[in-house]
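Student: Here you go, one structure.
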Amino acid sequence: NMLGAAAARRAGVGRIVTSVRSLNPGNYPQWCKWWYRVGDILSARIADVVTVNAGPLVRDHARWALMNPRRIETVHNGIEPSSLEINIPDARVWLRTLLGIADDVPLIGCIGRLSIEKDQPTFLRALGYLQDSGLSFHAVLVGDGPTEPELRALAADLQLGGNLTFLGARADARRVLAGLDLLALTSRLEGFPNVLLEAGFLGVPTVSTDAGGVRDVVGDAEGVCRRGDAAAFADAVSIALRHPERTAARAKIQVTRCRQLFTAEQMVQRWISLYRLQP
Numbered sequence: 348n349m350l351g352a353a354a355a356r357r358a359g360v361g362r363i364v365t366s367v368r369s370l371n372p373g374n375y376p377q378w379c380k381w382w383y384r385v386g387d388i389l390s391a392r393i394a395d396v397v398t399v400n401a402g403p404l405v406r407d408h409a410r411w412a413l414m415n416p417r418r419i420e421t422v423h424n425g426i427e428p429s430s431l432e433i434n435i436p437d438a439r440v441w442l443r444t445l446l447g448i449a450d451d452v453p454l455i456g457c458i459g460r461l462s463i464e465k466d467q468p469t470f471l472r473a474l475g476y477l478q479d480s481g482l483s484f485h486a487v488l489v490g491d492g493p494t495e496p497e498l499r500a501l502a503a504d505l506q507l508g509g510n511l512t513f514l515g516a517r518a519d520a521r522r523v524l525a526g527l528d529l530l531a532l533t534s535r536l537e538g539f540p541n542v543l544l545e546a547g548f549l550g551v552p553t554v555s556t557d558a559g560g561v562r563d564v565v566g567d568a569e570g571v572c573r574r575g576d577a578a579a580f581a582d583a584v585s586i587a588l589r590h591p592e593r594t595a596a597r598a599k600i601q602v603t604r605c606r607q608l609f610t611a612e613q614m615v616q617r618w619i620s621l622y623r624l625q626p
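For the sequence shown, the numbering used here begins at 348 and goes up steadily by one.
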């Protein structure tokens, strides 16, 4: 943003729009450099408009970049619906065959890089509660990252055993997603959670923590829990699995919501409208 905005201003570009795609770097001390904030402050002053991809990021970036939030516009991520035309029944059969589980066993998945901000330990602890309650299920953890050794150790401590499979990083993650009965997102920090958007388009029900732009995607739907509360998350998952008709109806509403609000075409038109505005 800093280099692009400065170069554009020097070249005489008539309108400069920069883009922020996550919560400010100060939330991620493991990789934040001291000069990141300087860069964001400078680029915010050069740009005519700063954009974010989720509502909660407006106030977050305004504070970080020391700017007026009225100069920040929200442009939600969008997906081309045709890119998610996956045969759901085929995906279910394929995934259960891959895992070696029966068709009537509920399948829960958590998909994302294995890192601190995604808080997969809460997911695993929630599975522990579900296992102790006697609920039949199988869970998959899709992704890789720096916290994988910690997560494998926690899964062993919780004795999740045959109820959990680590699938690692996969090029076919969307097909895995389409085969799930329920997607779980336990993040502590999020910008705009694309995996919830993909689940919405596919009609896969979700349970999520209330992080970042989660409610931008799902609205005021059921199945949104406090961050870091494994017991509450387990309860929400249990309710979703024990009431499949209500859960399926909620997922159907999400399909409509996503197609109305989050297509790639709508995203493009929003960008174009910002570039066409006069400074």
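From the three backbone atoms N, C-alpha and C, an ideal C-beta is built for every residue, glycine too. All of these numbers come straight from a predicted model, not from anything done at the bench.
Does the region 548-566 come into contact with the region 483-494, if we say contact requires no fewer than three beta-carbon pairs (one atom in each stretch) closer than 8 Å?
Tutor: Contact fails: fewer than three Cβ-Cβ distances are below 8 Å.
Student: Pick helix, strand or coil for G509, following the three-state DSSP scheme.
Tutor: Position 162 of the sequence shown, counted from the start, is the residue given in the question as residue 509. The answer is helix: DSSP assigns G509 an H, G or I state.
Student: Express the C-alpha separation of K465 and D519 in angstroms, rounding to a whole number.
Tutor: Here residue 519 corresponds to residue number 172 of the sequence shown, with the count starting at 1. Here residue 465 corresponds to residue number 118 of the sequence shown, with the count starting at 1. If you take the alpha carbons of D519 and K465, they lie about 20 Å apart.
Student: Under the assumption that G570 contacts A587 (Cβ atoms under 8 Å), give the Cβ distance between them as a whole number of angstroms.
Tutor: Residue mapping note: residue 570 aligns to position 223 of the sequence shown, counting from 1. Residue mapping note: residue 587 aligns to position 240 of the sequence shown, counting from 1. Indeed, because the Cβ distance is near 6 Å, the residues count as touching under 8 Å.
Student: Out of L505, D491, P453, which one is the CA nearest neighbour of G475?
Tutor: Taking the sequence shown and counting its residues from 1, the one referred to as residue 475 is at position 128. Nearest C-alpha to G475: L505.
Student: Should G456 go down as buried or exposed, given a rule of 16 or more other Cβ atoms within 10 Å for buried?
Tutor: As a first step, residue 456 is located in the sequence shown; it is residue number 109 there, counting from the start. Label assigned to G456: buried.
Student: With a Cβ-Cβ cutoff of 8 Å, do H408 and N371 count as a contact?
Tutor: Position 61 of the sequence shown holds residue 408. Position 24 of the sequence shown holds residue 371. Going by C-beta atoms, H408 is nearer than 8 Å to N371.
Student: Look at R460 and G492 and say whether their C-beta atoms are less than 8 Å apart.
Tutor: Residue numbering aside, residue 460 sits at position 113 when the sequence shown is read from its first letter. Residue numbering aside, residue 492 sits at position 145 when the sequence shown is read from its first letter. Yes, the pair counts as a contact, with Cβ atoms nearer than the cut-off.
Student: Between Q601, V364, G508, which has its C-alpha nearest D563's C-alpha?
Tutor: Along the sequence shown, read from residue 1 onward, the residue named residue 563 stands at position 216. With distances taken between Cα atoms, D563 lies closest to Q601.
Student: Can you give the Cα-Cα distance for G359 and L621, rounded to whole angstroms?
Tutor: By 1-based counting over the sequence shown, the position of residue 359 is 12. By 1-based counting over the sequence shown, the position of residue 621 is 274. Near 18 Å, if we compare the C-alpha coordinates of L621 and G359.
Student: For E495, which residues of its own chain have a beta-carbon under 8 Å away from its beta-carbon, when the five flanking residues on both sides are left out?
Tutor: Stepping through the sequence shown from its first residue, residue 495 is reached at position 148. Cβ neighbours of E495 beyond the five flanking positions: L461, F513.
Student: Could you spell out the range, first to last residue, of the alpha helix (DSSP H) harbouring V636?
Tutor: Lying before the first or after the last residue shown, residue 636 is absent from the chain, which here runs from 348 to 626.
Student: Return helix, strand or coil for T603, following the three-state DSSP convention.
Tutor: Stepping through the sequence shown from its first residue, residue 603 is reached at position 256. Collapsing the DSSP output to three states places T603 in a helix.
Student: If the criterion is Cβ atoms closer than 8 Å, does the pair I458 and L530 meet it?
Tutor: Position 111 of the sequence shown, counted from the start, is the residue given in the question as residue 458. Position 183 of the sequence shown, counted from the start, is the residue given in the question as residue 530. It is a contact, given that the beta carbons lie within the stated cut-off.
Student: Would T312 and A394 be called neighbours here (beta carbons separated by less than 8 Å)?
Tutor: One cannot answer for residue 312 here, as it falls past the ends of the chain, which runs 348 to 626.
Student: Sort L404, A401, R368, I363 by Cα distance to R392 and report the nearest one.
Tutor: As a first step, residue 392 must be located in the sequence shown, where it is residue number 45. The option with the nearest alpha carbon to R392 is I363.
Student: Which residues in the same chain have their Cβ closer than 8 Å to the Cβ of C379, if we skip the five residues on either side of it in sequence?
Tutor: Counting from 1 along the sequence shown, the entry for residue 379 is found at position 32. So the qualifying residues of the chain are P372, G373.
Student: Would Q613 and G425 be called neighbours here (beta carbons separated by less than 8 Å)?
Tutor: Within the sequence shown, the letter at position 266 stands for residue 613. Within the sequence shown, the letter at position 78 stands for residue 425. For Q613 and G425, yes; Cβs fall inside 8 Å.
Student: Are A525 and V551 touching if we call contact CB-CB under 8 Å?
Tutor: As a working note, residue 525 is residue 178 in the sequence shown. As a working note, residue 551 is residue 204 in the sequence shown. Cβ atoms of A525 and V551: closer than 8 Å.
Student: CB-CB under 7 Å to P403, same chain, minus the five flanking residues each way: which ones, in chain order?
Tutor: By 1-based counting over the sequence shown, the position of residue 403 is 56. G559, G560, listed in sequence order.
Student: Considering only their Cβ atoms, is the gap separating A568 from R658 smaller than 8 Å?
Tutor: The requested residue 658 does not occur in the structure, where the chain is confined to residues 348 to 626.
Student: Rounded to whole angstroms, what is the Cα-Cα separation between T610 and A354?
Tutor: Within the sequence shown, numbered from 1, the residue matching residue 610 stands at position 263. Within the sequence shown, numbered from 1, the residue matching residue 354 stands at position 7. In a straight line, the C-alpha of T610 is about 31 Å away from that of A354.
Student: Starting from V554, follow the alpha helix (DSSP H) in both directions and report where the run begins and ends.
Tutor: The residue labelled residue 554 in the question sits at position 207 within the sequence shown. Here V554 belongs to no alpha helix (DSSP H); instead the beta strand (DSSP E) covers 553-556.
Student: Within the same chain, show all residues whose beta-carbon is closer than 8 Å to that of P540, passing over the 5 residues directly before and after it, in chain order.
Tutor: Your numbering for residue 540 matches position 193 in the sequence shown. Within the same chain, P540 has close Cβ partners L532, S534, S555, A558, G559, G560, V561, V564.
Student: Taking 6 Å as the limit between beta carbons, can you name the residues of its chain near M414, skipping five residues before and five after?
Tutor: Along the sequence shown, one-based indexing puts residue 414 at 67. Correct list, in chain order: A391.
Student: So, at 7 Å on beta carbons, what are the nonlocal neighbours of V405 in its own chain, with the 5 sequence-adjacent residues on each side left out?
Tutor: Walking along the sequence shown from the start, residue 405 turns up at place 58. These residues qualify, in order along the chain: V399, P416, I419, T421.
Student: What separation, rounded to the nearest whole angstrom, lies between the Cα atoms of R356 and G447?
Tutor: As a working note, residue 356 is residue 9 in the sequence shown. As a working note, residue 447 is residue 100 in the sequence shown. About 58 Å.
Student: Check for me: the alpha helix (DSSP H) holding A579 runs from which residue to which?
Tutor: Taking the first residue of the sequence shown as 1, we reach residue 579 at position 232. From DSSP, the alpha helix (DSSP H) with A579 extends over 577-589.
Student: Kindly identify the DSSP beta-bridge partner or partners of C572.
Tutor: For the purposes of this step, residue 572 is identified with residue 225 of the sequence shown, where counting begins at 1. The partner list for C572 (beta bridge, DSSP) reads T556.
Student: May I have the straight-line CA-CA distance separating L507 from P453, to the nearest angstrom?
Tutor: Here residue 507 corresponds to residue number 160 of the sequence shown, with the count starting at 1. Here residue 453 corresponds to residue number 106 of the sequence shown, with the count starting at 1. Separation of L507 and P453 (C-alpha to C-alpha, rounded to the nearest whole angstrom) is 15 Å.
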